[in-house]
Every structure is written in C-alpha cells, then in structure tokens.
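To start, the structure itself, in structure tokens.
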Amino acid sequence: MHALAMSSTSVQWRIMHHSSARAVISCVIGGSGFGEQALALCTAASLGDADPNSVRLRQAALNRASELPADPPGAYTGVILAAPIPSDEKDLCVQLAPLVIEHPEDTGMQLACLAGLCKLWPHVTSEERPLLRARFLAGLASRRMPPGSQLTSRQLVAWQRDLPTAYSNASASVSSLRAVLIATSARDAHVVMAEHLGISADLPTLAWVLGALTVQMRIQLHDRNRHLLHILMGSMACEQLAAWTPPELLATLLAQLAHQLWWCSNQAGLAPVRTCLDSVTRPLAEAVRSGDLTVAQRSARAACKQPAAFWETVWSLLDARIAANDPSWCEALELVLAIAARTGTDAVSPDDAAALGTLFADLAYREQLPTAALASPH
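Residue numbers (our numbering): 679 to 1056.
Set out below in structure tokens:
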C-alpha cells in the first residue's frame, strides 16, 4: 500500500499551484509569524494537486484561510537571521531542520510548517525570501505545548549514549512500531524507535508507518486540540522532506515526532470515542450527518471499497465545510489532504477512510450541541 501511495503522490505533492502560492506568500509576509493560518493557506494552495475534483475548492479555501486570525509573532533572535539565504529546498532544509530539532514544541506542527515553506520556496522572489524565512523563524519560536510533550536534543543525546553500540535495524511496520505507543516510559519508547533508525533505515516508510499509527489512534480518541492531526501532518511532511533533508537530521526529527505520539497515547489525556452498538451501515454522507462517530467509521470503511464514489463524497463534505461559517473547516481541510497524500486518491485504506468519517461526524456532532456540552466528548 505504501509503495502505491508513494508512487502516486511523491512528485505532485512537492509542487504547488503558482498563482495560489503567490497569494499565500503575500498573506504570510504581510503577517508576523508562520503557524495555523500559514499552514491552512499552504494546505489550501495544495488543493487540486491532490485530485482534479478538488481544484474547484482551492480558491474558496484560500479565501477562508486568509480570513483566519493572523499567526502570532515569536521572539526569535538567533544568528540564523543573518545567515545566507538558501537557494533551494535542499539548502533550506539543511539550514532550518537543525532549528526545528532545537525547538521541539509540537514537532508535528513544526515539520508541517517546514514542508509548507519548502513548497512555497520555488515561488518566492529573492527580495521576499529573507522576509518569509523570518516569518517561519518567528513561528518556530512562538509555539507552546504542555510539559513532557517534547523531546529535546539534549535528552536524545543522553538516551542515545546509553544505548548499546550495536542494536537491531528493524524494518518499520505498524506491528513493530506499535510498541512505541504502549511503552511504559518515554525512554522505553525511544529505545523502540531507535531500533528502527539504523544506518539503512527507510525513513520515508518509517514516517508513513508513524502516520498509520496516528490514524489508528484518531479513530479511537478525540483530538480537540489537534495534537494527533499535527502528528499526522508531520509524518506526511517527513515523507516530503526526505527528498531534501540530510538523513541524520530527518532521523532525529522522526524520533522527536515518535515521542510526541507516545505522549498523546500516554499522557495527553485524550478522551476515548464511545462505541455505538448500532450495526447498520448507512450512506457515508448520511452517517456523517448523524454525528455518530462509530456509525460514520463503519460507513466510511464500506464506502472506500469504491474509491471514486468515496472521494466524491469526501470532496463534497469538505466543500460544505469550506462554504459554511464553520470554525473547524481547516481541521477538515488538513485531514483530508493528509489522507489523500498518504494513500493517493485512487484508493484509500479502511483505517484512513474511518479517520475521515470520524472527523466529519465529530464536526457534525459539535454543531448539534450547545457550546457547554462540548466539554463532554461522545
């Protein structure tokens, strides 16, 4: 499945529609940072690169993203501000990936923003590049996460020093990496991850597997603060960044991303999705409107057996979210594009389909309740 996904999406997802990219660049440079709004803009600009049926959504999504609150500025004062401006995506990653490692607050978000910047870079003029890099650095320094959610480079070095000189170079798979989620401590989780980061590791595949584990967690857990969404986007970003980022840097970033996933599984307090006993399989759009997450999951798993019809429904659901005055529309946009990038739009795995059903049903459920009731997830 992963080989199919990479062959169908690895090239097109590095390319951004030029006029859309120019609109994103103008908006980001006119702001103060590079965060949720910039990421929504980059994601919107990628619509149409995922699937021809999504082209019609691109401009509407860009318009909505430009109306989001401006990204907050961050107080970045490092020497990189005076460093030479990278000439291409590879130089950009060589320069900025070490800074992402040193700012592990929400590693998934940091990686997604770096991938977004890389996709914009070919469309940025030489005069604009210092400004856009400064916005990215401001965003890098502005993010905050709960204690314990980030894995610092200093802690990584200490743990790596304690590992045996020779250890296995395990092949990445969902079954082997699931041990990361159930490890009793962050250090034990890192030991599992380190076994997959040997010199011959297939880093894009490792990123894809982390994404698959994240999808499985999203089916089982609520994600109101978008922690899992950011990890999924970060895993997708790592697949893209592998073309430009030195392997030793990408391996460190994947270790930090795996820690964030372990934290979500063990310490973030994400509420479980309640299981519905209703065994009826409804049409996907109807199941989503019901607001019942398990019914929507079941319907999505059934619907994805006919990929063309499944994606037509998904694009229609996303279109409705973009058109409506829905504060969570960009959450739907980002997850749909992440799943499309993971699997290709000609086919989709049952788990990935279920994750989309989960999100759209969750958004419908939130609309059906008074604001105060949203504190009690279903």
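Note that the Cβ used here is the ideal one computed from N, Cα and C, for glycine as well. Keep in mind the model is a prediction, meaning the values are calculated, not measured.
| query | Taking Q934 as the reference, which of A963, M694 and M871 has the closest Cα? | reply | M871
| field | Own chain residues within Cβ distance below 7 Å of A739, not counting five before or after | value | A722, L725, I1000 and L1011
| query | If you check the beta carbons only, do A936 and V852 fall under 8 Å apart? | reply | no
| said: If I measure Cβ to Cβ from L910 and keep anything under 6 Å in the same chain, skipping five residues before and after, which residues do I get? | reply: G889, T892 and A1016
| query | Hey, W941 and G826: beta-carbon distance below 8 Å or not? | reply | yes
| Residue range of the unbroken alpha helix (DSSP H) whose run includes M895 | L881 to Q898
| For A861, which of S849, V757, N944 and R742 has the nearest alpha-carbon? | N944
| query | By DSSP, does P950 sit in helix, in strand, or in coil? | reply | strand
| query | Counting only runs that start and end within the region 1017-1047, where is the alpha helix (DSSP H) found for 4 or more residues in a row? | reply | 1028-1046
| query | Over what stretch of residues does the alpha helix (DSSP H) that includes H937 continue unbroken? | reply | P925 to N944
| query | Between the Cα of L795 and the Cα atoms of L815, T755, I779 and P776, which residue gives the shortest distance? | reply | L815
| query | Grouping DSSP H, G and I as helix and E and B as strand, with all else coil, what is R960? | reply | coil
| Can you give the Cα-Cα distance for Q737 and E873, rounded to whole angstroms? | 44 Å
| query | Taking the runs of the alpha helix (DSSP H) that are 4 residues or longer, which of them lie wholly in the region 801-872? | reply | 807-820, 831-840, 852-860 and 864-872
| query | Three or more C-beta pairs closer than 8 Å, one from the region 705-718 and one from the region 807-814: is that the case here? | reply | yes
| query | Can I703 and E806 be called in contact, C-beta distance under 8 Å? | reply | yes
| Reduced DSSP category for S732 - H, G, I as helix; E, B as strand; rest coil | helix
| task | Look up M684 in the DSSP assignment and say whether it is helix, strand or coil. | result | Since pLDDT at M684 reaches only 36, below the 50 mark, its modelled position is unreliable, and the value read off the structure follows with that caveat. The answer is helix: DSSP assigns M684 an H, G or I state.
| query | Where does Y754 sit, in a helix, a strand or coil, going by DSSP? | reply | coil
| query | From which residue to which residue does the alpha helix (DSSP H) around M914 run? | reply | H905 to L919
| said: Using a Cβ-Cβ cutoff of less than 8 Å, which residues in the same chain neighbour L932 once the five nearest sequence positions on both sides are dropped? | reply: M871, L875, L881, L884, A885, L888 and C916
| request: Mind checking which residues open and close the alpha helix (DSSP H) that includes G709? | output: Run containing G709: none; DSSP gives neither H nor E here.
| query | Quick one: Cα of S698 to Cα of A998, how far? | reply | 21 Å
| Whose CA, out of Q828, Y1043, E783 and Q938, lies closest to the CA of A965? | Y1043
| query | Which value, in whole angstroms, describes the spacing of the CA atoms of A681 and G1022? | reply | Note that A681 has pLDDT 35, beneath the 50 cutoff, so the model's placement of it is unreliable and the number below is only indicative. Taking the straight line from one Cα to the other gives about 11 Å.
| task | Counting only the same chain and skipping the five closest in sequence on each side, list residues whose C-beta sits under 7 Å from that of P751. | result | S710, G711, A816 and S820
| task | Can you tell me which of F988, E714, A793 and P776 puts its alpha carbon nearest to the alpha carbon of M694? | result | A793
| Rounded C-alpha distance that separates A850 from A987 | 32 Å
| request: Would you mind giving the Cβ-Cβ distance between L834 and T930, rounded to the nearest angstrom? I have them listed as a contact below 8 Å. | output: 7 Å
| If you measure from the CB of R736, is any heavy atom of the ligand GDP nearer than 7 Å? | Here there are no bound small molecules, and the ligand GDP is not part of this structure.
| request: Quick one: using the 10 Å Cβ neighbour count with 16 as the cut-off for buried, is S685 buried or exposed? | output: Its pLDDT being 31, under 50, S685 is placed unreliably by the model, and the measurement read from it follows with that caveat. By the 10 Å Cβ count, S685 comes out exposed.
| Proximal residues to I763 (C-beta, below 8 Å), its chain only, five neighbours per side dropped | S804, R807, P808 and R811
| field | C-alpha gap between L971 and A1018, whole angstroms | value | 20 Å
| query | Which word fits A743, buried or exposed, when buried means at least 16 other C-beta atoms lie within 10 angstroms of its C-beta? | reply | buried
| query | Which same chain residues, not among the five before or five after G756, have their C-beta less than 8 Å away from its C-beta? | reply | L777 and L815
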